[in-house]
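J.: One gets the working numbering by counting positions in the sequence shown from 1 and adding 122 to each. Please find one structure pasted underneath; my questions will follow.
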Amino acid sequence: MKIFLFLAADLMKTTKSNLFYRKSGKGPHPIILLHGFGQEHSAFDTWLKALETNHTVYAFDHYYHGQSTREDSPLTIAQWKQQFEDFLLREDITKFSIVGFSLGGRFSLVTTTLFPERIRHLILIAPDGIFRSIWFRLATSSLGNPLFKYLMLHPDHFNTLLDTFKTLKITSSSMVRFAQKELQGKDNRKRVYRTWTYFKPIQVPISTVTRVINQHGIQAHLILGTLDTIIPLGKILSKTTKIRTLETHKLPYKHHHMIEASKTLVPSLLSGEFFD
Numbered sequence: 123m124k125i126f127l128f129l130a131a132d133l134m135k136t137t138k139s140n141l142f143y144r145k146s147g148k149g150p151h152p153i154i155l156l157h158g159f160g161q162e163h164s165a166f167d168t169w170l171k172a173l174e175t176n177h178t179v180y181a182f183d184h185y186y187h188g189q190s191t192r193e194d195s196p197l198t199i200a201q202w203k204q205q206f207e208d209f210l211l212r213e214d215i216t217k218f219s220i221v222g223f224s225l226g227g228r229f230s231l232v233t234t235t236l237f238p239e240r241i242r243h244l245i246l247i248a249p250d251g252i253f254r255s256i257w258f259r260l261a262t263s264s265l266g267n268p269l270f271k272y273l274m275l276h277p278d279h280f281n282t283l284l285d286t287f288k289t290l291k292i293t294s295s296s297m298v299r300f301a302q303k304e305l306q307g308k309d310n311r312k313r314v315y316r317t318w319t320y321f322k323p324i325q326v327p328i329s330t331v332t333r334v335i336n337q338h339g340i341q342a343h344l345i346l347g348t349l350d351t352i353i354p355l356g357k358i359l360s361k362t363t364k365i366r367t368l369e370t371h372k373l374p375y376k377h378h379h380m381i382e383a384s385k386t387l388v389p390s391l392l393s394g395e396f397f398d
């Protein structure tokens, strides 16, 4: 098992970023694992035994998570493309599968549209990036972002606002509990502000995703939790009906249980590639 921390130069910037990933296994098929918000590469540790026989596994830390660092500025699709190309060149990777959970799903979708001819399998687990909630749109808007930053710096005011939303039934009790749990501590609040604000450009329309997947015949799998209130099953299914190669799998779990719940399913979905 090897770990890597390499400098990725941002396009049109002189500053550099540290993008961390752990490499393990010696199988013939490269696979990229991208975790969710508030996690790091170790979120997939329980998957490694099942994957490493047939795969070389690259588990990344997103920027502002784990050991990956970056300046506080928007990450554009062009910058991500360059950084991912540098990684592929460094590891001499021609084709690969990619698995993304939650926030990692958004990066997986963008990466697929950038390198469609190199994708073996795309597996999305309760993915972000297919629809944008009203809260995300408000928090990242030009008017809403300063307020979002203020609330992250003043958690008492933020909690009062959440309680008001709960009382008025503007949002669900489970969503309030999720927000309060994820935003405990200054570091967590700083990370959610950075993630929502600086990853905003990492988004492609689902129509573009659909066109690219269909055009290249990419085998795609969508794994959703029937008890997931963070990435609601209905909102995802309604936007993915036109992806012809997509197979949908429903598991009876909540959002943060989905990686563990998928650890035996994902290797079985990948097994077909060994007969290409």
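For every residue, glycine included, the Cβ atom is placed at its ideal position computed from N, Cα and C. Small disclaimer: the values here were computed from a predicted structure and weren't measured.
Taking alanine 248 and phenylalanine 223 to be in contact with their CB atoms under 8 Å, please state how far apart those CB atoms are, rounded to whole angstroms.
T.: 6 Å
J.: Between isoleucine 381 and leucine 359, what straight-line distance do the alpha-carbon atoms span, to the nearest angstrom?
T.: 19 Å
J.: Just verifying my parser: in three-state terms, what is the DSSP assignment at glutamine 205?
T.: helix
J.: Tell me whether the beta-carbon of histidine 378 lies closer than 9 Å to the beta-carbon of glycine 158.
T.: yes
J.: If you compare alpha carbons, which of Leu269, Gly160, Leu236, Glu193 is closest to glutamine 306?
T.: Gly160
J.: Consult DSSP for proline 152 and reduce its assignment to one of helix, strand or coil.
T.: strand
J.: Between Glu369, Lys361, Met274, Val334, which lies nearest to isoleucine 345 when the distance is taken from Cα to Cα?
T.: Glu369
J.: Going by the beta-carbon positions, is the gap between glutamine 341 and proline 238 smaller than 9 Å?
T.: no
J.: Return the chain-ordered list of same chain residues with a C-beta closer than 7 Å to the C-beta of methionine 134, the five sequence neighbours on each side being excluded.
T.: In this predicted model, methionine 134 has a pLDDT of only 35, less than 50, meaning its place in the structure is not dependable; the value taken from the coordinates is given anyway. Same-chain partners within the cutoff: there are none.
J.: Examine the Cβ distances between the region 142-153 and the region 168-176 and report whether three or more of them are shorter than 8 Å.
T.: yes
J.: How big is the Cα-Cα spacing for isoleucine 335 and proline 323?
T.: Near 21 Å, if we compare the C-alpha coordinates of proline 323 and isoleucine 335.
J.: DSSP three-state label for glutamine 189, please.
T.: coil
J.: If we call anything under 9 Å between Cβ atoms a contact, is glycine 266 one with arginine 259?
T.: The Cβ-Cβ distance between glycine 266 and arginine 259 falls below 9 Å.
J.: Pick helix, strand or coil for glutamate 239, following the three-state DSSP scheme.
T.: helix
J.: Can you check which of these residues, Ser384, Val232, Thr348, is closest to threonine 330 by C-alpha distance?
T.: Val232
J.: Please list, in chain order, all residues of the same chain as histidine 371 whose beta carbon is under 6 Å from its beta carbon, the five residues on each side excluded.
T.: Ile345
J.: What residue ranges within the region 327-361 form continuous beta strand (DSSP E) runs of no fewer than 3 residues, ordered along the chain?
T.: 341-347, all fully within the region 327-361.
J.: Quick check on proline 389: does DSSP put it in helix, strand or coil?
T.: helix
J.: Answer yes or no: do tyrosine 185 and threonine 191 have a C-beta to C-beta separation smaller than 9 Å?
T.: yes
J.: Restricting to Cα atoms, I'd like to know which of Leu236, Arg212, Glu213 is closest to threonine 198.
T.: Leu236
J.: Span of the beta strand (DSSP E) holding threonine 370?
T.: 368-373
J.: Pull up the CB-CB distance for glutamine 189 and phenylalanine 142, whole angstroms please, since I reckon it's below 8 Å.
T.: 4 Å
J.: Can you tell me which of Lys271, Lys203, Ser384, Phe166 puts its alpha carbon nearest to the alpha carbon of threonine 234?
T.: Lys203
J.: Is the distance from the Cβ of leucine 373 to the Cβ of glycine 347 below 9 Å?
T.: yes
J.: Who are the near neighbours of aspartate 194 in its chain, counting only those whose CB is closer than 8 Å to its CB and skipping five residues on each side?
T.: Arg316, Tyr320
J.: What does the Cβ neighbour count give for threonine 137, buried or exposed, with the cut at 16 atoms within 10 Å?
T.: With a pLDDT of 46 at threonine 137, under the threshold of 50, the modelled position of that residue is not reliable, and the figure given next carries that caveat. By the 10 Å Cβ count, threonine 137 comes out exposed.
J.: By alpha-carbon positions, which one of Ser263, Thr332, Val221, Ser230 ends up nearest to isoleucine 365?
T.: Thr332
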